[in-house]
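Chains as they are written, first to last, in the working numbering: chain A, 85 to 396; chain B, 119 to 413. For reference, the structure is listed below as structure tokens.
See the structure below:
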């Protein structure tokens, strides 16, 4: 009962939010929330720390921007093209990176994503330092005008919910159970007869594709694809969102993304302090609360329930 | 004047020298990373930031206290090393029992903080650091012009790399270190203070980064971003070489620097990415790295 009530409140709040908050801020937060959820699928449920997820966000952003501005594709096809491109890059990167584990995996994904960065810096169609600017938002399915911010907000919300549900279904499926088994003990999963490399690659591609979807949507919101999207700082930011919110929880990355985007918004004028504070949050999270905000709250609820069960 | 494959030799050797200098920094930094990884099982993401700090400490010593290049070459690494020991004692040492990824995340956070602080104080335009008087000018080798300071960077980093190799592979202290890498519990049982050794190793690895920073200061301008641009390449170097062997790290570092230099001559568009491409190829053919052991 409480769950259903909570869900109703959440949906109502999400639908009403753009009338109370700045819609662009909300859309940015939603895009990054989807990005962080996609990243968390890999870190929280397979135990793979990728330090190169900016590559997927950025590739999709550039492809969507190019296909909408130069080729004149409608938004739905633009997002599809971006997502597919990110999935393809994810397939190649994943194929290479899953050959090594742990720390090496992180370093390899970081190095590979740097290749995309340099490509974006030099390739003619990306516009180098300027990026692709003034990308038209167009009409969704030919009749919904996305220049209206309220319409765009609901479209972005729909994409976020779709992506989040895909992740939710994945981690609660038999496939997701195998992923968790790999996280807990890969040799044992192998000895049980699972071809863990296949599972890891599939999870990697799914995570890359959804990150791409987030990147495409972000391009639609800001009408801009730039080098910021492919820079390794972006890869670090998504790690921060997931860590702060709580890795391995379904809502943690969403909370983390909203917090990090808020911090960026409020401190935008303070220059390097944003970076310093982000670094500080990393240090505090790692040293003091590794479960993240949502993880700690869940642990607290569990503890209270146990105490109740013991006394009652 | 003769030509090689249509490239004038001045250009070819000039780029090879630049490559060798980059290789010197790759080698010194990946050596420190490999040392730290061996004993702490942590990839020190802050390595680039501490390299940058080495350059800044030298700059500050010169401009605040009037201490010149030669004392700085010793003082700056020591100061950076002490800072590293402080980091290890207060933060890193709490993480050894946890998943190794937390060490990476913590040092990433530290790198952001250090870089952000220097950027806040000194901007991103870069500060000039003069070449010491003794190393000004250059030699005409007939086929190319060799600036003295650049020659010195290559020689100095080769010396420090081989000194480190000697220390670890040929001395008593080094044998304790290698033993502790294999089996810390057993070494501890023999009455050797392993936690202190870990602290000192981190300090030493970080001091190597600081040393590279001082060497780099007169070549590149002293810039808060100089470390983060380098560290990603160094990670790729480490993946290519594998972290199992000291000599492997040195050879891979210098070798890849030269490859990068050659790429600048023959196909400049790929010079930024050639090391990452080599990394991808090595991962396909020999996933454990050229000198690595599977672990």
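The beta-carbon is built from N, C-alpha and C at its ideal position, and this holds for glycine as well.
Which chain B residues are close to residue i, counting only those with a beta carbon under 7 Å from its beta carbon?
{"i": "residue 195 of chain A", "result": "350, 353, 354, 357, 394 and 397"}
{"i": "residue 421 of chain A", "result": "As shown, chain A starts at 85 and ends at 396. That puts residue 421 of chain A outside it, with no answer to give."}
{"i": "residue 202 of chain A", "result": "390 and 391"}
Under the assumption that residue i contacts residue j (Cβ atoms under 8 Å), give the Cβ distance between them as a whole number of angstroms.
{"i": "residue 129 of chain A", "j": "residue 204 of chain A", "result": "The pair is not a contact, with the Cβ atoms about 29 Å apart (cut-off 8 Å)."}
{"i": "residue 144 of chain B", "j": "residue 355 of chain B", "result": "5 Å"}
{"i": "residue 375 of chain A", "j": "residue 330 of chain A", "result": "6 Å"}
{"i": "residue 237 of chain B", "j": "residue 342 of chain B", "result": "4 Å"}
{"i": "residue 297 of chain A", "j": "residue 247 of chain A", "result": "6 Å"}
{"i": "residue 146 of chain B", "j": "residue 329 of chain B", "result": "7 Å"}
{"i": "residue 366 of chain A", "j": "residue 226 of chain B", "result": "6 Å"}
{"i": "residue 164 of chain B", "j": "residue 332 of chain B", "result": "With 8 Å as the limit, residue 164 of chain B and residue 332 of chain B do not qualify as a contact, their Cβ atoms being about 17 Å apart."}
{"i": "residue 111 of chain A", "j": "residue 323 of chain A", "result": "With a Cβ gap of about 22 Å, residue 111 of chain A and residue 323 of chain A do not count as contacting."}
{"i": "residue 234 of chain A", "j": "residue 107 of chain A", "result": "7 Å"}
Taking the alpha carbon of residue i as the reference point, which residue from the options has its own alpha carbon closest?
{"i": "residue 251 of chain B", "options": "B:227, B:259, B:162 and B:265", "result": "B:265"}
{"i": "residue 160 of chain A", "options": "A:330, A:227, A:122 and A:104", "result": "A:227"}
{"i": "residue 339 of chain B", "options": "B:263, B:223, B:144 and B:242", "result": "B:242"}
{"i": "residue 198 of chain B", "options": "B:184, B:226, B:166 and B:373", "result": "B:166"}
{"i": "residue 410 of chain B", "options": "B:396, B:385 and B:360", "result": "B:360"}
{"i": "residue 294 of chain A", "options": "A:275, A:276 and A:251", "result": "A:251"}
{"i": "residue 198 of chain A", "options": "A:173, A:299 and A:266", "result": "A:173"}
{"i": "residue 200 of chain A", "options": "A:332, A:230 and A:144", "result": "A:144"}
{"i": "residue 156 of chain B", "options": "B:344, B:300 and B:369", "result": "B:300"}
{"i": "residue 369 of chain A", "options": "B:180, B:164, B:228 and B:141", "result": "B:228"}
{"i": "residue 162 of chain A", "options": "A:391, A:305 and A:344", "result": "A:305"}
{"i": "residue 210 of chain B", "options": "B:132, B:318 and B:279", "result": "B:318"}
{"i": "residue 375 of chain B", "options": "B:140, B:357, B:169 and B:385", "result": "B:140"}
{"i": "residue 152 of chain B", "options": "B:369, B:188 and B:390", "result": "B:369"}
{"i": "residue 98 of chain A", "options": "A:127, A:255, A:245 and A:346", "result": "A:245"}
{"i": "residue 294 of chain B", "options": "B:316, B:129, B:347 and B:130", "result": "B:316"}
{"i": "residue 302 of chain A", "options": "A:136, A:85, A:191 and A:216", "result": "A:216"}
{"i": "residue 202 of chain B", "options": "B:335, B:172, B:245 and B:277", "result": "B:172"}
{"i": "residue 168 of chain B", "options": "B:385, B:216 and B:200", "result": "B:200"}
{"i": "residue 338 of chain A", "options": "A:325, A:225 and A:348", "result": "A:325"}
{"i": "residue 348 of chain B", "options": "A:357, A:149 and A:195", "result": "A:195"}
Can you tell me whether residue i is buried or exposed, with buried defined as 16 or more other CB within 10 angstroms of its CB?
{"i": "residue 401 of chain A", "result": "Given that chain A is displayed from residue 85 to residue 396, the structure contains no residue 401 of chain A and the question cannot be resolved."}
{"i": "residue 206 of chain A", "result": "exposed"}
{"i": "residue 364 of chain B", "result": "buried"}
{"i": "residue 313 of chain A", "result": "buried"}
{"i": "residue 323 of chain B", "result": "buried"}
{"i": "residue 263 of chain B", "result": "exposed"}
{"i": "residue 386 of chain A", "result": "exposed"}
{"i": "residue 221 of chain A", "result": "buried"}
{"i": "residue 155 of chain A", "result": "exposed"}
{"i": "residue 309 of chain A", "result": "buried"}
{"i": "residue 119 of chain B", "result": "Residue placement at residue 119 of chain B cannot be trusted, given a pLDDT of 46 that sits under 50; what the coordinates show is reported in the next sentence. Per the 10 Å Cβ criterion, exposed."}
{"i": "residue 268 of chain B", "result": "buried"}
{"i": "residue 192 of chain B", "result": "exposed"}
{"i": "residue 394 of chain B", "result": "buried"}
{"i": "residue 291 of chain A", "result": "buried"}
{"i": "residue 176 of chain A", "result": "exposed"}
{"i": "residue 182 of chain B", "result": "exposed"}
{"i": "residue 390 of chain A", "result": "exposed"}
{"i": "residue 407 of chain B", "result": "buried"}
{"i": "residue 383 of chain A", "result": "exposed"}
{"i": "residue 346 of chain A", "result": "exposed"}
{"i": "residue 413 of chain B", "result": "Legend: pLDDT at residue 413 of chain B = 45, less than 50; position of this residue unreliable, value from coordinates given subsequently. Counting Cβ neighbours within 10 Å, residue 413 of chain B comes out exposed, since fewer than 16 surround it."}
{"i": "residue 326 of chain B", "result": "buried"}
What in chain A is Cβ-close to residue i, meaning under 8 Å?
{"i": "residue 381 of chain B", "result": "Chain A residues near residue 381 of chain B: none, gap ~12 Å exceeds 8 Å."}
{"i": "residue 238 of chain B", "result": "355, 356, 357 and 360"}
{"i": "residue 387 of chain B", "result": "206"}
{"i": "residue 300 of chain B", "result": "What residue 300 of chain B touches in chain A: nothing, since even the nearest Cβ is about 18 Å away."}
At 8 Å on the CB atoms, spell out the chain B contacts of residue i, in chain order.
{"i": "residue 320 of chain A", "result": "226 and 230"}
{"i": "residue 190 of chain A", "result": "161, 219 and 222"}
{"i": "residue 186 of chain A", "result": "218 and 219"}
{"i": "residue 323 of chain A", "result": "223 and 226"}
Quick one: list the residues of chain A neighbouring residue i, beta-carbon separation under 7 Å, in chain order.
{"i": "residue 214 of chain B", "result": "Within 7 Å Cβ-Cβ: nothing; residue 214 of chain B doesn't reach chain A, min ~13 Å."}
{"i": "residue 405 of chain B", "result": "183 and 184"}
For residue i, return the contacting residues in chain B, with the cut-off set at a CB-CB distance below 9 Å.
{"i": "residue 128 of chain A", "result": "Neighbours of residue 128 of chain A on chain B: none; closest Cβ ~12 Å, over 9 Å."}
Please list, in chain order, the chain A residues whose beta carbon lies closer than 9 Å to that of residue i.
{"i": "residue 288 of chain B", "result": "Those within 9 Å of residue 288 of chain B in chain A number zero; the least Cβ separation is about 28 Å."}
{"i": "residue 147 of chain B", "result": "What residue 147 of chain B touches in chain A: nothing, since even the nearest Cβ is about 13 Å away."}
{"i": "residue 233 of chain B", "result": "356, 359, 360 and 363"}
#### Entry: Within 7 Å of chain B by C-beta, residues of the segment 332 to 360 of chain A in sequence order
355, 356, 357, 359 and 360
### Message
Along the segment 327 to 352 of chain B, where does the CB come closer than 7 Å to a CB of chain A? Name the residues.
### Response
350
### Query
Which residues, in chain order, does the segment 132 to 157 of chain A contribute to contact with chain B at a C-beta distance below 7 Å?
Within the segment 132 to 157 of chain A, the qualifying residues are 133.
### Query
What are the residues of the segment 360 to 386 of chain A that lie near chain B, defined by any Cβ-Cβ distance shorter than 9 Å?
Those would be 360, 361, 362, 363, 364, 365, 366, 367, 368, 369, 370, 371 and 374, in chain order.
### Task
Quick one: which residues of the segment 182 to 216 of chain B get their C-beta closer than 9 Å to a C-beta of chain A? List them in chain order.
209, 212, 213 and 216
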